[in-house]
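Participant:
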Amino acid sequence: MSAPQSSVATAIRRAQEERRGALVGYLPVGFPDLDTSVEAAIAMARSGADVLELGLPYSDPVMDGVVIQEATQTALAAGFRVSHVFEAVRRIREAVDVPVLVMTYWNPVLQYGVERFASELAAAGGAGLITPDITPDSADEWLLVSREHGLDRVFLAAPTSSDERLELVARATTGFVYTVSTMGITGERTELDAAASRLTARLREHGADLCCVGIGISTAEQVASALEYADGAIVGTAFVRALRDGGVDRLAEVVADVAQGTAR
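Shown next as structure tokens:
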């Protein structure tokens, strides 16, 4: 269920009105350095991403594949601090009118302080959080604080989730449900798991409004395939690799190419 004020849901619906699906683009903050990561995120928005997902570098990224792990380790080695994510969000929002979600494991939020994190994210113009390692039934404080600050809370649903879990996720999520295409870590795959289609259908049966599919999507063809049943497609590793290997200009080219898959 999406909150009426959700800028993320609004961006996805705007894409639907334009007869296309939404592209959600992921990059880690601070990779290869803070200024370049801000420049890269702005370029991604200008090249076709409807929603930006900024990853908060973390020392124990259990869900991330090798490419993203290496990028986040580079950011940490370069001196990334949690406060940098708020600076990045502010600078990006000053440049482009695209909602910015922060993807973070829960421990950094706890260590920083849930209320403090939410307050500073909202003040910077952030749209909310994607939290891969916390479930709605264990997120009472975050549910309360996110409502107070008008932030989206994006929870994940997996093919192995029970019907009871999907019901809970569908009711607690705002913005979109992060629909995990397959079990495992992030990274490019040659074929999307058909489980993503079945999972999206199950989520809709339980009342989920907007569903975006992530993990394993890296090409325009895979984006188009996912958008046959989902509202948006999330691409991460392919964009991080483009930034790593060819800088911001190469990233912009890859985003524009992948965005061609959003047409319906």
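Going by this note's numbering, the sequence shown wraps up at 374, each residue one higher than the last. Cβ atoms here follow ideal geometry from the backbone N, Cα and C, with glycine treated the same way. These numbers were taken from a predicted model, which means no experiment stands behind them.
(1) Please determine, among E274, T184, T329 and R263, the residue with the shortest C-alpha to C-alpha distance to L320.
(2) Are L276 and L253 touching if we call contact CB-CB under 8 Å?
(3) Just reading off the alpha helix (DSSP H) that I344 is part of, what are its end residues?
(4) Any contact of the region 155-169 with the region 199-212, i.e. 3+ C-beta pairs under 8 Å?
(5) Over what stretch of residues does the alpha helix (DSSP H) that includes C222 continue unbroken?
(6) Any C-beta of chain B sitting closer than 8 Å to the C-beta of G371?
(7) Measure the Cβ-Cβ separation of S256 and A228 and say whether it is below 8 Å.
(8) Name the DSSP bridge partner or partners of G135?
(9) Under 8 Å, with one C-beta from each stretch per pair, do the region 352-372 and the region 316-335 reach the 3-pair mark?
(10) So is S271 buried or exposed if we call it buried at 16+ other beta carbons inside 10 Å?
(11) Using the DSSP secondary-structure output, state which residues sit across from I327 in a beta bridge.
(12) So L162 and A151 are in contact, right, with Cβ under 8 Å, and what is the actual spacing, rounded?
(13) Out of V177, R308, A318 and F196, which has the shortest C-alpha to C-alpha gap to F286?
(14) Could you give the residue range of the alpha helix (DSSP H) that holds R200?
(15) In the DSSP assignment, what residue or residues form a beta bridge with Y168?
(16) Whole angstroms are fine: how far does the CA of S335 sit from the CA of L133?
(17) Go through its chain and collect everything with a Cβ distance to G140's Cβ below 7 Å, but skip five positions before and after it.
(18) Going residue by residue through the region 261-288, where are the continuous alpha helix (DSSP H) segments of at least 4 residues, counting only ones entirely within it?
(19) Roughly how far, in whole angstroms, is the beta-carbon of T289 from the beta-carbon of A311, given that I think they are within contact range, below 8 Å?
(20) How far does the alpha helix (DSSP H) with L254 in it extend, from its first residue to its last?
(21) In angstroms with no decimal places, state the Cα-to-Cα distance between E338 and V212.
(22) Between the Cα of D80 and those of G346, L361, A306 and F265, spot the shortest distance and give me the residue it belongs to.
(23) Take R200 and list the residues in its own chain whose beta-carbon comes closer than 7 Å to its own, dropping the five residues that flank it on each side.
(24) Which partner residues of I240 appear in the DSSP bridge assignment?
(25) Quick one: what's got a C-beta closer than 6 Å to A113's C-beta in the same chain, skipping five residues either side?
(26) Does DSSP put A373 in a helix, a strand or coil?
(27) Let me confirm a value: G356 is counted as buried when at least 16 other C-beta atoms fall within 10 Å, else exposed. Which label applies?
(28) If you draw a straight line from the C-alpha of I240 to the C-alpha of N217, how long is it?
Facilitator: Judging by the given coordinates:
(1) The residue with the shortest Cα to Cα distance from L320 is R263.
(2) No. Outside cutoff.
(3) Where I344 is concerned, there is no enclosing alpha helix (DSSP H), although the beta strand (DSSP E) it sits in stretches over G342 to V345.
(4) The region 155-169, when compared against the region 199-212, does touch it at the 8 Å Cβ threshold.
(5) According to the sequence provided, residue 222 is Tyr. The question's Cys does not apply to it. W216 to Y222 is the extent of the alpha helix (DSSP H) around Y222.
(6) Given the protein chain composition of this structure (a single chain), no chain B is represented.
(7) Note that the C-beta distance between S256 and A228 is below 8 Å.
(8) Looking at the DSSP assignment, G135 forms a beta bridge with L162 and V345.
(9) Yes: the two stretches touch, three or more of their Cβ pairs being nearer than 8 Å.
(10) It is buried - the Cβ of S271 has at least 16 other Cβ atoms within 10 Å.
(11) Answer by DSSP bridge pairing: none, since I327 is not bridged.
(12) With a Cβ gap of about 5 Å, L162 and A151 count as contacting.
(13) Considering only V177, R308, A318 and F196, the residue with the shortest C-alpha distance to F286 is A318.
(14) Where R200 is concerned, the enclosing alpha helix (DSSP H) stretches over S193 to A205.
(15) DSSP output for Y168 lists no bridge partner at all.
(16) For L133 and S335, the gap between their C-alpha atoms comes out near 13 Å.
(17) Once the five neighbours on either side are set aside, the close Cβ partners of G140 are S147, P167, A185, A188, F190 and H194.
(18) Inside the region 261-288, DSSP marks whole alpha helix (DSSP H) runs of 4 or more residues at positions 273-282, from first to last along the chain.
(19) Contact between T289 and A311 is absent: CB atoms are separated by about 10 Å, not below the 8 Å threshold.
(20) Taken as a continuous stretch (DSSP letters only), the alpha helix (DSSP H) holding L254 covers D250 to H259.
(21) Approximately 26 Å, taken between the alpha carbons.
(22) This structure leaves residue 80 out entirely; the chain is present only between 111 and 374.
(23) If we look at R200 and ignore the five residues flanking it on each side, its Cβ neighbours are A234 and G235.
(24) Under DSSP, I240 shares a beta bridge with M213 and V264.
(25) Low confidence applies here, because A113 scores a pLDDT of 47, under 50, leaving its location unreliable; read the following figure in that light. Close CB contacts of A113 within its chain, under the 6 Å cut and outside five residues either way in sequence, are with T284 (chain order).
(26) DSSP, reduced to helix, strand and coil, places A373 within a strand of the structure shown.
(27) Using a 10 angstroms sphere on the CB of G356, the tally of other CB atoms stays under 16, which defines it as exposed.
(28) A straight line joining the alpha-carbon of I240 with that of N217 spans about 13 Å.
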